[in-house]
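Before any comments, here is the structure.
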Amino acid sequence: MVILFVGNVKLLTRLIQDFAGADAGGRKAQCITEMMAVLGDMQSQVQKVNVPRRREAELRRCNTDLRRGAPQRDRAKPLDPAASDTPDVQKLRRELFSSFNARRNQERMCASLCREKEFIATELARKVRELGEAEELVEDLRRQNSVLLEKLKACAPGENGDAGDGEARTHNSALQERNKALTEQLLRSVDAGRVMKRRLAEVQEENARVAEVTVAVAKSVGRIREKMNAGCAEVEEEVKSLDRVLVGLQGKLLKLCVLNRSDRVRATAMADVAHLEKMGLELKCPICYIISLIASILFFPILVYYVNTVESLAALKCGSDICFLEPIEICSVNCLQSHLLQSVKFHTTEEHNLLDDFVGTGVRVFPYLVLCNYCIIRHLNSCFSSHEQFDKHLQKHGSCIWDQYLINSNRHLVKLKVTIFSAPLLFNTTIATTKSVDTDH
1 MVILFVGNVK LLTRLIQDFA GADAGGRKAQ CITEMMAVLG DMQSQVQKVN VPRRREAELR
61 RCNTDLRRGA PQRDRAKPLD PAASDTPDVQ KLRRELFSSF NARRNQERMC ASLCREKEFI
121 ATELARKVRE LGEAEELVED LRRQNSVLLE KLKACAPGEN GDAGDGEART HNSALQERNK
181 ALTEQLLRSV DAGRVMKRRL AEVQEENARV AEVTVAVAKS VGRIREKMNA GCAEVEEEVK
241 SLDRVLVGLQ GKLLKLCVLN RSDRVRATAM ADVAHLEKMG LELKCPICYI ISLIASILFF
301 PILVYYVNTV ESLAALKCGS DICFLEPIEI CSVNCLQSHL LQSVKFHTTE EHNLLDDFVG
361 TGVRVFPYLV LCNYCIIRHL NSCFSSHEQF DKHLQKHGSC IWDQYLINSN RHLVKLKVTI
421 FSAPLLFNTT IATTKSVDTD H
């Protein structure tokens with residue numbers, strides 16, 4: 001058994017060495033298969049050696065004998081049928097077992113020898129194949145050697161070696177010079193090619209930058225065109241709205257001039273209408289429109305101060321107290337409109353609609369006029385608690401208030417604008433007041 005195990009170990013060691021020295025291919029797979037077979041054989045041998053012996057079956061009976069004095073069997077000694085055999089039989093039996101074990105060991109050894117024989121046969125076949133390849137390689141080397149020898153003999157000088165040697169040297173020198181010239185030309189061409197590649201890369205980068213700049217310029221030009229188109233449309237709308245406002249103001253001023261019996265007031269109103277018409281013609285130009293807006297923003301503090309003066313004069317004329325106007329910041333049309341609607345109380349829907357139209361058109365043309373109109377509306381609401389009281393007071397002192405706003409119209413255009421833009425809200429009442437004044441006079 002030990003001899004068989006040692007043989008398997010030697011065989012496994014040899015297989016491992018062959019596997020380490022074998023090339024990548026079928027040889028490694030074959031070595032792995034043989035090693036697995038040897039390991040399986042060794043495992044089976046170890047398992048057979050370590051098989052535990054079965055315990056012999058033993059029949060037992062319960063110790064319930066009624067007779068206490070009955071002899072009990074010795075359980076420590078198992079029943080062994082071989083104990084009753086004679087020494088000769090036991091000797092023969094031992095020899096039989098030993099021969100049987102030797103036979104099994106020989107069978108295992110023969111099996112391992114067969115595997116080793118197969119392994120040796122495969123190794124011999126591999127060696128024969130390698131030997132054949134080596135012989136073929138040697139034959140190839142011999143053929144190459146013979147070819148080289150023939151070439152060497154052909155190149156070796158014969159009897160006229162000196163003359164041939166001189167010609168060969170001159171030929172070789174000419175070839176070397178030509179080789180040098182060609183080498184220099186090749187180097188110059190390579191350098192020129194590198195320079196051209198570098199220039200090509202620079203030109204491509206410059207073209208890419210020019211393309212990017214062109215795209216950016218095209219986008220900016222497109223945006224400028226869009227802004228110009230949008231600006232032209234807005235300017236046209238503003239000019240149209242300004243024309244509508246001026247036409248309405250001209251008609252209302254003509255009505256006021258007809259109703260007023262004073263020649264001085266009529267001449268002043270006609271002069272103011274002509275001045276407004278001239279202003280409207282000038283504002284049809286977009287540049288003049290922009291300049292007028294800038295001027296309105298610059299003169300806004302002066303306007304607030306003057307409107308406070310107008311309110312104070314009107315309050316003194318009407319005989320009532322009024323607080324001065326606080327300057328407000330106008331951010332947009334909606335902001336101003338909401339401020340007016342929160343500050344002013346309207347008695348009729350007509351006044352509310354007129355103020356909406358006024359804020360929608362007047363802020364774009366004259367932003368400061370809305371503030372002036374807001375001063376007058378605030379003054380009227382602070383003086384009178386109801387519309388009836390305002391009518392009565394205006395019928396009594398209407399001509400004085402109206403004349404006060406028109407007297408200084410030539411000196412201050414703001415007062416004239418206040419009068420004009422406040423006229424839509426007080427138009428009906430003004431007509432009634434002027435009629436009553438005419439009848440009194």
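Each residue of the sequence shown is one higher than the last, beginning at 1 in the UniProt record's numbering.
Yeah, the Cβ is synthetic: ideal placement off N, Cα and C, and Gly gets one too.
Neighbourhood of residue i by C-beta distance below 8 angstroms, restricted to the same chain and skipping five residues each side
{"i": "residue 125", "result": "none"}
{"i": "residue 76", "result": "Only weak support is given to the placement of residue 76: the predicted model assigns it a pLDDT of 47, under 50, and the value that follows is read from those uncertain coordinates. For residue 76, where only same-chain residues beyond five positions count, there are no Cβ hits under 8 angstroms."}
{"i": "residue 35", "result": "12, 15, 16, 19"}
{"i": "residue 200", "result": "none"}
Buried versus exposed, by CB contacts within 10 Å (16 or more), residue i
{"i": "residue 464", "result": "Since the first and last residues shown for the chain are 1 and 441, residue 464 lies out of range."}
{"i": "residue 31", "result": "buried"}
{"i": "residue 41", "result": "buried"}
{"i": "residue 15", "result": "buried"}
{"i": "residue 245", "result": "buried"}
{"i": "residue 98", "result": "exposed"}
{"i": "residue 347", "result": "For residue 347, the predicted structure reports a pLDDT of 44, less than 50, and the residue's modelled location is therefore unreliable. The matter cannot be settled from this model."}
{"i": "residue 128", "result": "exposed"}
{"i": "residue 38", "result": "buried"}
{"i": "residue 305", "result": "With a pLDDT of 38 at residue 305, under the threshold of 50, the modelled position of this residue cannot be trusted, and the question is left open."}
{"i": "residue 100", "result": "exposed"}
{"i": "residue 133", "result": "exposed"}
{"i": "residue 191", "result": "exposed"}
{"i": "residue 141", "result": "exposed"}
{"i": "residue 407", "result": "Caution applies to residue 407, whose pLDDT of 34 falls short of 50 and renders its modelled position unreliable; the model cannot decide the point."}
{"i": "residue 249", "result": "buried"}
{"i": "residue 281", "result": "Reliability fails at residue 281, whose pLDDT of 40 lies under 50, so the model's placement of it is uncertain and no value is given."}
{"i": "residue 311", "result": "No answer about residue 311 holds up, because its pLDDT of 41 lies below 50 and its placement is not dependable."}
Chain-order list of residues whose beta-carbon lies under 6 angstroms from that of residue i (same chain, five-residue window excluded)
{"i": "residue 203", "result": "none"}
{"i": "residue 205", "result": "none"}
Same chain only: Cβ atoms within 7 angstroms of residue i, ignoring 5 sequence neighbours per side
{"i": "residue 89", "result": "none"}
{"i": "residue 116", "result": "11"}
Contact test: residue i Cβ vs the ligand MN heavy atom, cutoff 7 angstroms
{"i": "residue 209", "result": "With respect to the ligand MN, the structure offers nothing, as it holds no ligand at all."}
**OP:** Check whether the stretch 105-121 touches the stretch 6-14, taking contact to mean three or more Cβ pairs, one atom from each stretch, closer than 8 angstroms.
**Re:** yes
Original post:
Can you list, in chain order, the stretches of the beta strand (DSSP E) that have 3 or more residues and sit fully within the stretch 175-252?
Top reply: none
Original post:
What are the uninterrupted segments assigned as beta strand (DSSP E) that are 3 or more residues long and contained completely in the stretch 15-40, given in chain order?
Top reply: none
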